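Asks:
Protein chains: 2
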Amino acid sequence: MAEELKKGLEGVVVADTRLSKVFGDIGKLIYVGYDIRDLAAHASFEEVVYLLWYGKLPTQPQLNQLQARLHAEAALHPSILQALKGYPTGAHPMAVLRTAVSQIGLNDPDAEDNSQDANYRKALSLTAKIPTIIAAWARIRAGKEPVAPRDDLGLAANFLWMLHGHEASQAEVNALNVYLVLLADHGMNASTFTSRVVTSTEGDMYSAVVAAIGSLKGPKHGGANEAAMRMFREVAEAPSVKEWFESEVKGKGRRIMGMGHRVYKAPDPRAAILKQHAQAICGTSEKCVLLGVAEELEALALADPYFVERSLYANVDYYSAIVLDAIGIETDMMTPMFAMSRIAGWSAHIIEQWNDNRLIRPRGNYVGPVDLAWVPLDERRDD
Amino acid sequence: MAEELKKGLEGVVVADTRLSKVFGDIGKLIYVGYDIRDLAAHASFEEVVYLLWYGKLPTQPQLNQLQARLHAEAALHPSILQALKGYPTGAHPMAVLRTAVSQIGLNDPDAEDNSQDANYRKALSLTAKIPTIIAAWARIRAGKEPVAPRDDLGLAANFLWMLHGHEASQAEVNALNVYLVLLADHGMNASTFTSRVVTSTEGDMYSAVVAAIGSLKGPKHGGANEAAMRMFREVAEAPSVKEWFESEVKGKGRRIMGMGHRVYKAPDPRAAILKQHAQAICGTSEKCVLLGVAEELEALALADPYFVERSLYANVDYYSAIVLDAIGIETDMMTPMFAMSRIAGWSAHIIEQWNDNRLIRPRGNYVGPVDLAWVPLDERRDD
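Read top to bottom, the protein sequences are chains L and H.
Here numbering that gives the first Met the number 0 is used: the first residue of the first sequence is 0, the next is one more, and so on.
Here numbering that gives the first Met the number 0 is used: the first residue of the second sequence is 0, the next is one more, and so on.
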């Protein structure tokens, strides 16, 4: 009896989780019971980190303690900074992040301790250090000295300080904080699933996070925001947005990057929130020439039967590209920003997997030859 | 309607493959149609690499070309050797391999080229360089200078040259070659599956291989040979093997490491072949005090109803530990040896996944709270 091939594992339920749930049919996302719209309106990224790790919102003393520990862990060991300075400046920023996180594991005395206590310590260290790595690499590859983290700023503000070397506006900090809140977890997405597969072998947290970074790096997963940004730039060069839409999308059948989602058949709730923040920042600056392009293109799609019938709405990547661009994130640094947020979800899923672990080992369906007789080397012919 | 939870994905068929098939009920393993027993008896590891990559055995000129290309790619860039010399000597060798492979990707101009041609080039480069990394790290952490690869030796002989700094005996080279042949692929095992999940996001080969290394590192996957070796040492300290078996296994219910397998319900064909090679090497040296322990323990299990009823036979890890120990591999270097072989299968699966790709994105079953109302920070109570 042939077993059914579940290519892509679409619809296959692989684990219980208490972390997040996507209601794709009504366009709703919750983290541990809280609507993402409430979290985006009220919560700091640090509160969301606490919620995902400990299953409840922190009290003020608990939040203070978390922030103090994040500050204490944010600096990079000199050997990591030294390594970053030696990498080729043209290297893919996600490959740099993958390598740096892997190397941090070599120096961590907790690396091979898979107890829950050690896993919480490693989750905290990674959540604190990933922003520092990203900001340092952005500066190093541009020939600038890295800027050390400060212990009087929240995670979003501190990142922008380390990136730019000056304090960001409150609107920029708010926009980045909301971005980090919105991207922190999303069910059993491919990078989170990758981290759980590695953990299922009783692999350590560094191995699981390094694997997740490599998975998020893929253009079909975390790379979609960069693709959307590049598309907006292309559209901006066209005679008009409408002309580009007619010629490229309707005429040539090109996909609009950042529209449609395997899980959402209703509008992605994260897109609307990011759009509001894009409008809030861009109203006070001239940085966002592409917001108008994105809005006009979205309106064309929303009025087109092809997009309406297929429920192809703007997803989180679409407006996150605009927000990140507006706060000074270079396009190829957008996927690392995704990792800066998603480390919260990855580490929470890793800890959850450890608490109820079973090796994830599916099967392949062999379709190759069978019963071939061995042929000695000198009797083989090239055919 | 609740969907069925497929924890561990046991029995779920995730992809078509032409690479290998495990016949668990009759204890048979084939690569691209060839019985592993024929390959172990006749083939070099390089022929198996060619078979997995190109779907057929190479002719002599094709094999010569592959070997020449492996020789040309075996040396490490000075920046990688420099990095290895800076790592803490106590770091886990698999974490070192994970970091070094990730860093190699930073310098490879092909890193972001996911064409089939580039993927074959990267597969070749990694297959050539992983032995060099492992041998270099074994020497560096012992305070010795790395030994450069030679271009007049096959992959197995060359590795032993780089590791020991002198040529190995023919029996040792044969044993390592057979080990590499036997471990090169094994259906949809956890690390191979990890590499396909990363590839499914259109992630690059370095990201996929780095993830696979982290997955193989886990004690439930590649770490099992080390666990078997440590157990043999413990048994050797006991008054007798029989006494240890009665007291630890029958008395305390401890598992025998390296016995039993999720897929095999008949003897693992690889175990018998490795046992023969262990006997061949150990007959001419005094290195293998533990072979006798392993054989006696296996005989006790084979005569015990508990093991017979549950089809718990020695698997590949059991005798590979003895073989690797006999050729001078330190116990914590045994999982890297597994990676040296499995890179052939990983890279072949990655190329196969690219040829018919679909994002691997399963679902989670949310069991957490729903509809929680937001509570402002100053109203939260610790409970």
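We treat Cβ as the ideally placed atom computed from N, Cα and C, and that holds for glycine.
Computed from a predicted model, the values in this text were never measured in an experiment.
Can you give, in chain order, each stretch of the alpha helix (DSSP H) that sits fully within the segment 37-125 of chain L and has at least 4 residues?
Replies: Listed in chain order, the complete alpha helix (DSSP H) runs (minimum 4 residues) inside the segment 37-125 of chain L are 44-53, 59-72, 77-85, 92-106.
Asks: Following the continuous beta strand (DSSP E) through L/THR16, name the residue where it begins and the one where it ends.
Replies: Looking at the DSSP string, the run of the beta strand (DSSP E) that includes L/THR16 is 12-16.
Asks: Assuming H/ALA320 and H/MET228 form a contact by the criterion Cβ under 8 Å, report the distance between their Cβ atoms to the nearest whole angstrom.
Replies: Right, their Cβ atoms sit about 4 Å apart.
Asks: Between the alpha carbons of H/ILE29 and L/PRO148, how many angstroms are there, rounded?
Replies: Spanning the two alpha carbons is a distance of roughly 55 Å.
Asks: Which parts of the segment 342-378 of chain H are runs of the alpha helix (DSSP H), unbroken and 4 residues or longer, counting only runs that do not cross its ends?
Replies: Segments of the alpha helix (DSSP H) lying fully in the segment 342-378 of chain H: there are none.
Asks: Between the alpha carbons of H/ALA39 and H/ARG269, how many angstroms are there, rounded?
Replies: Each residue's alpha carbon lies about 9 Å from the other.
Asks: Ends of the alpha helix (DSSP H) at L/ILE321?
Replies: First-last of the alpha helix (DSSP H) with L/ILE321: 315-325.
Asks: Could you tell me the distance, in whole angstroms, from the CA atom of L/ALA237 to the CA atom of L/ILE79?
Replies: Approximately 43 Å, taken between the alpha carbons.
Asks: Use the C-beta contact count for H/GLU46: other C-beta atoms within 10 angstroms, 16 or more gives buried, fewer gives exposed.
Replies: It is buried - the Cβ of H/GLU46 has at least 16 other Cβ atoms within 10 Å.
Asks: Shorter than 8 Å from the beta carbon of L/ASP112 to some beta carbon of chain H?
Replies: False, the Cβ-Cβ gap to chain H never drops below 8 Å.
Asks: Please determine, among L/GLY89, L/LEU181, L/ASP116, L/HIS76, the residue with the shortest C-alpha to C-alpha distance to L/ILE129.
Replies: Closest by alpha carbon: L/HIS76.
Asks: Between the segment 213-227 of chain H and chain L, which residues of the former have a C-beta closer than 7 Å to a C-beta of the latter?
Replies: So the close ones are GLY213, SER214, LYS216, GLY217, PRO218, LYS219, HIS220.
Asks: Could you name the residues of the same chain whose beta carbon sits closer than 6 Å to that of H/ALA183, not counting the 5 residues immediately before and after it, in chain order?
Replies: Same-chain partners within the cutoff: VAL47, SER340, ALA343, GLY344.
Asks: Is the CB of H/GLN59 under 8 Å away from at least one CB in chain L?
Replies: Cβ-Cβ to chain L under 8 Å: yes for H/GLN59.
Asks: Within the chosen definition, does the segment 309-319 of chain H reach the segment 151-161 of chain H through at least 3 CB pairs nearer than 8 Å?
Replies: Result no; under three Cβ-Cβ pairs closer than 8 Å.
Asks: Three-state secondary structure (DSSP) at H/LEU4?
Replies: Reduced to three states, the DSSP call for H/LEU4 is strand.
Asks: Quick one: what's got a C-beta closer than 6 Å to L/GLU297's C-beta in the same chain, skipping five residues either side?
Replies: So the list reads ALA313, once near-sequence residues are dropped.
Asks: Can you check whether the CB of L/GLU351 is closer than 8 Å to the CB of L/LEU18?
Replies: For L/LEU18 and L/GLU351, yes; Cβs fall inside 8 Å.
Asks: Within 8 Å (strictly less), CB to CB, does H/MET333 reach chain L?
Replies: H/MET333 does not count as touching chain L.
Asks: How should H/SER239 be labelled, buried or exposed, when 16 other C-beta atoms within 10 angstroms of its C-beta is the threshold for buried?
Replies: So H/SER239 counts as exposed.
Asks: With burial defined as no fewer than 16 other Cβ atoms inside 10 Å of the residue's Cβ, what is the status of H/LYS42: buried or exposed?
Replies: Correcting the residue identity first, residue 42 of chain H is Ala in this sequence and not Lys. H/ALA42 is buried by the Cβ-count criterion.
Asks: According to a CB-to-CB cut-off of less than 7 Å, which residues of the segment 94-106 of chain L neighbour chain H?
Replies: So the list reads ALA94, VAL95, ARG97, THR98, SER101, GLN102, GLY104, LEU105, ASN106, given in the order they occur along the chain.
Asks: Just by C-beta distance, which residues in the segment 302-314 of chain L are closer than 8 Å to chain H?
Replies: So nothing in the stretch comes that close.
Asks: Compile a chain-ordered list of the residues in the segment 164-195 of chain H whose CB is closer than 8 Å to at least one CB of chain L.
Replies: Flagged, chain order: GLY186, MET187, ASN188, ALA189, SER190, PHE192, THR193.
Asks: Answer with buried or exposed for H/ILE25, where buried requires no fewer than 16 other C-beta atoms within 10 angstroms of its C-beta.
Replies: That one is exposed.
Asks: Alpha carbon to alpha carbon, how far is L/SER214 from H/GLY291?
Replies: L/SER214 and H/GLY291: Cα-Cα distance of roughly 45 Å.
Asks: For a contact defined as C-beta to C-beta under 7 Å, what are the partners of H/TYR365 on chain L?
Replies: The answer, in chain order, is THR16, LYS20.
Asks: Output yes if chain H places a C-beta closer than 8 Å to the C-beta of L/VAL31; else output no.
Replies: Closer than 8 Å to some Cβ of chain H, the Cβ of L/VAL31 qualifies, so yes.
Asks: Counting only Cβ-Cβ distances shorter than 9 Å, please list the residues of the segment 339-373 of chain L near chain H, keeping chain order.
Replies: Answer in chain order: HIS348, ASP355, ASN356, ARG357, LEU358, ILE359, ARG360, PRO361, ARG362, GLY363, ASN364, TYR365, VAL366, GLY367, PRO368, VAL369, ASP370, LEU371, ALA372, TRP373.
Asks: Give me the Cβ distance between L/PHE44 and L/ASN176, rounded to the nearest whole Å; I'm assuming they're in contact under 8 Å.
Replies: L/PHE44 to L/ASN176, Cβ: 6 Å. Contact.
Asks: So, under 8 Å CB-CB, H/LEU273 and H/TYR318 are touching, yes? Tell me the CB distance rounded to an integer number of Å.
Replies: Correct: roughly 4 Å between the Cβ atoms.
Asks: H/ARG254: which of H/ALA223, H/ALA279, H/PRO266, H/ALA90 sits nearest, CA to CA?
Replies: Answer by Cα proximity: H/ALA223.
Asks: Of the residues that make up the segment 135-149 of chain L, which ones have a beta carbon closer than 8 Å to any beta carbon in chain H?
Replies: The residues in question: there are none.
Asks: Within its chain, find whatever has a CB closer than 6 Å to the CB of L/LEU358; leave out the 5 residues flanking it on each side and keep chain order.
Replies: Only SER199 meet the Cβ criterion.
Asks: Find the nearest neighbour of H/ARG424 within the set H/PHE306, H/ALA210, H/ARG36, judged by alpha-carbon distance.
Replies: Not covered by the structure: residue 424 of chain H. The range shown for chain H is 0 to 382.
Asks: In whole angstroms, what separates the C-alpha of L/ALA1 from that of L/LEU51?
Replies: Low local confidence applies: a pLDDT of 49 at L/ALA1 is under 50, so the model's placement there is unreliable, with the coordinate-based value given in what follows. So the alpha carbons of these two residues sit roughly 40 Å apart.
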